[in-house]
Amino acid sequence: MYSQMISQVSTRCVVGSMRQTKTSPAGMKAPSQSVRSVVRHAKMEEKDEFDMSAIGLDDIMNLTDAAEAKSQAAWLPGTQAPTYLDGSLPGDFGFDPLGFGSNPAHLARFQEAELMHSRWCMLAVTGMLAVELLGFGSWIDAPLGAVNGNGVTWFGQQTPFDFPTLALIELALMGGVEGLRASAEPEKRMYPGGAFDPFGFSKDSSKLEELKLKEIKNGRLAMVAVFGNFMQGAITHQGPVANWAAHIADPFNVNVATTSPIAIPYLHLAELSDNSSYWSSALPPWYPGN
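Once you know that position 160 of the sequence shown is 187 in the working numbering, the rest is easy, because the numbers rise by one and skip nothing.
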């Protein structure tokens, strides 16, 4: 397309330069280039927007710049986004350095998997914070009841099921729900609407794409937060609220560099003289053998 446009412009330029040297029958010079340019631009406005003869060099340069800007990866300006990431997916910023999405079927599967993980992690972060803020312990100690045989609690209340029974019930319920979801159309698997949209947000199509973008952005942040809670909990053996409170109380002496022999080992060599000490510090108390 671009080669055809440039070829037409080059031909017009040659013809235009030849006309400048000719004279009219009355011996007068032909109209100046600026006059012809005005006439040409006036005619362009009257022509079909898809007529290639009506496109000038400036138009080609603008189109080229626009195409180049669109092909750049939004996550890292100056780099090119993969051709299969054209910005049509919610949260598509051209990030796929390893090319996992080059296969269209894999890309669709990864999009769905990321969205499902995002939603679960948003729920997980909410639960991790809510339980500790309400004074029911921390999520890091939640498995202790099952490990010690004391039963499973929910917001401080003892449940009528032991851990194996509860795990089987959850497995059956989640298996059934996921089986129904997997049988739906791809779009319905991710955005079912109906009962899952009680406030009718998806009815406004002009807002739906904006909400999809907000959801995936918050979901990605939640996945990072859950990973951070796991790592920090394994190291400090405390929940995120307790860690945050301790840091706020003494930020210069309670931080990742001064109190974590696992995160930055070379600052705490005396505490990590052998492997058993390292793994004892790195694993939560309910981990088998710790």
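Glycine included, C-beta positions come from ideal geometry on N, C-alpha and C. Remember, it's a predicted structure, so these values are computed and weren't measured experimentally.
Beta-carbon proximity of residue i to residue j, cut-off 8 angstroms
i: Gly255; j: Ser165; result: no
i: Val253; j: Ala151; result: yes
i: Val281; j: Glu159; result: no
i: Thr186; j: Leu195; result: no
i: Ala249; j: Ser145; result: yes
i: Arg216; j: Glu139; result: yes
i: Phe122; j: Trp102; result: yes
i: Pro213; j: Ala135; result: yes
i: Val179; j: Phe190; result: yes
Cβ-based neighbour list, residue i, same chain, cut-off 7 angstroms, excluding 5 preceding and 5 following
i: Ser229; result: Tyr218, Gly220, Leu235
i: Leu240; result: Pro117, Gly118
Three-state class that DSSP yields for residue i in the structure shown
i: Trp166; result: helix
i: Trp271; result: helix
i: Gln138; result: helix
i: Leu103; result: coil
i: Val281; result: coil
i: Ile238; result: It should be pointed out that residue 238 corresponds to Leu in this sequence rather than to Ile. DSSP places Leu238 in helix when its eight states are reduced to three.
i: Thr27; result: Past the edges of the chain, shown from 28 to 317, lies residue 27, and the structure says nothing about it.
i: Phe254; result: helix
i: Phe122; result: coil
i: Gly128; result: helix
i: Ala1; result: Because the chain here runs from 28 to 317, residue 1 falls outside it and cannot be looked at.
i: Ser145; result: helix
i: Leu150; result: helix
i: Ala108; result: coil
i: Ser115; result: coil
Sequence-distant residues of its chain with Cβ nearer than 6 angstroms to residue i (five each side left out)
i: Met258; result: none
i: Phe182; result: Phe163
i: Thr106; result: Ala100
i: Ala273; result: Val281
i: Pro131; result: none
Residues near residue i by beta carbon distance below 8 angstroms, same chain, minus five either side
i: Asp211; result: Rather than Asp, the amino acid found at residue 211 in this sequence is Ala. Taken in chain order, the residues that qualify are Pro219.
i: Phe137; result: Phe127, Gly128
i: Met149; result: Asn245, Gly246, Ala249
i: Gly154; result: Trp166
i: Ser233; result: none
i: Leu198; result: none
Whether or not the region 268 to 281 and the region 168 to 180 are in contact is what I'm after, with contact meaning three or more pairs of Cβ atoms, one per stretch, closer than 8 angstroms; do they touch?
By the Cβ rule, the region 168 to 180 does not count as touching the region 268 to 281, because fewer than three pairs are nearer than 8 angstroms.
Under 8 angstroms, with one C-beta from each stretch per pair, do the region 115 to 122 and the region 239 to 251 reach the 3-pair mark?
With the cut-off at 8 angstroms, the region 115 to 122 and the region 239 to 251 touch.
Which runs of the alpha helix (DSSP H) at least 4 residues long sit entirely within the region 152 to 230? Give them in chain order.
Taking 4 residues as the minimum length, the alpha helix (DSSP H) runs contained wholly in the region 152 to 230 are 171 to 175, 190 to 209, 213 to 217, in order along the chain.
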